[in-house]
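Here's the structure, in structure tokens; my notes come after.
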Ligand SMILES: Nc1ncnc2c1ncn2[C@@H]1O[C@H](COP(=O)(O)OP(=O)(O)OP(=O)(O)O)[C@@H](O)[C@H]1O
């Protein structure tokens, strides 16, 4: 079987004003159907990596390829379409619209794309996150974990090539967080979804297939088949070396 990369970064550097180099010559691939956690000390470039890989920000130099397309070759309009159709994003805050039901929130990306929400796609997305029976509930009528599940269903409704998570369990308690992580793991195992997740939590990272460690904008190393203990030890070493 051909091994395909859902996302590739090739010598990506990102400078910000005042001499900040947030990413420094990063080359890394994220295989289709794999789950990667990105970790590193505060300011090591995790969010910048996610922003560049998701086409939300342009690197200063280097190449980003998502779903086989070189982002630098896309104008703003085509990049917006790629982000809308091929990339899903979940954040720490769920960002659901309070006046809309779960079903309407999930259908929103399709509506924004000018399409009539495909009822079957919305139903399947809600079922995939275990909320088929909550379709008519509004966010205030759902628990924090359920709200994050709706946000995940919304991110999946366009069947994106890659789902990015920026601390997706950061606002949840340990038990609820575990449920959401199990869901992400199931999406990878059962639907071959590609997931790239930034986290500070070694337990969250242990649900991934591998952990990529960043420090000072560079890839410091990787850990395949991570356990929470191994990740925590690596993070301590990394922080001590900074
Ligand atoms: N818009 C910006 N303008 C200037 N500097 C920035 C900007 N965004 C990030 N930086 C700087 O780039 C570096 C990397 O930031 P980034 O947010 O990617 O780190 P991070 O690893 O996600 O940090 P944290 O874990 O604290 O969220 C930091 O030094 C930060 O101050």
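Numbering (the UniProt record's numbering), first residue to last: 1 to 242.
Ideal Cβ placement from N, Cα and C applies to all residues, glycine included.
Pair within 8 Å by beta-carbon distance, residue i and residue j
i	j	result
residue 110	residue 157	yes
residue 183	residue 195	no
residue 151	residue 213	no
residue 217	residue 72	no
residue 35	residue 220	no
residue 161	residue 67	yes
residue 153	residue 126	yes
residue 259	residue 169	Absent from the structure is residue 259, since the part of the chain shown begins at 1 and ends at 242.
residue 215	residue 167	no
residue 54	residue 77	no
residue 122	residue 103	yes
residue 191	residue 163	no
residue 180	residue 205	no
Helix, strand or coil at residue i [DSSP, three-state]
i	result
residue 19	coil
residue 224	strand
residue 9	strand
residue 131	coil
residue 162	strand
residue 214	strand
residue 239	helix
residue 149	helix
residue 154	helix
residue 175	helix
residue 201	coil
residue 61	strand
residue 54	coil
residue 69	strand
Near ligand 1: residue i beta-carbon under 7 Å from a heavy atom
i	result
residue 199	no
residue 22	yes
residue 169	no
residue 43	yes
residue 40	yes
residue 17	yes
residue 48	yes
Best match in the options for proximity to residue i [C-alpha to C-alpha]
i	options	result
residue 138	100, 166 and 242	100
residue 165	31, 50 and 6	50
residue 11	5, 54 and 62	62
residue 29	5, 46 and 169	5
residue 243	74, 229, 76 and 56	With the chain covering 1 to 242 only, the question about residue 243 has no answer from this structure.
residue 146	162, 136, 129 and 159	129
residue 14	47, 193 and 31	47
residue 45	31, 24, 54 and 65	24
residue 177	75, 82 and 149	149
residue 223	167, 33 and 40	40
residue 59	209, 225, 197 and 8	8
residue 227	236, 237, 210 and 239	210
residue 143	96, 204 and 193	96
residue 225	241, 236 and 185	185
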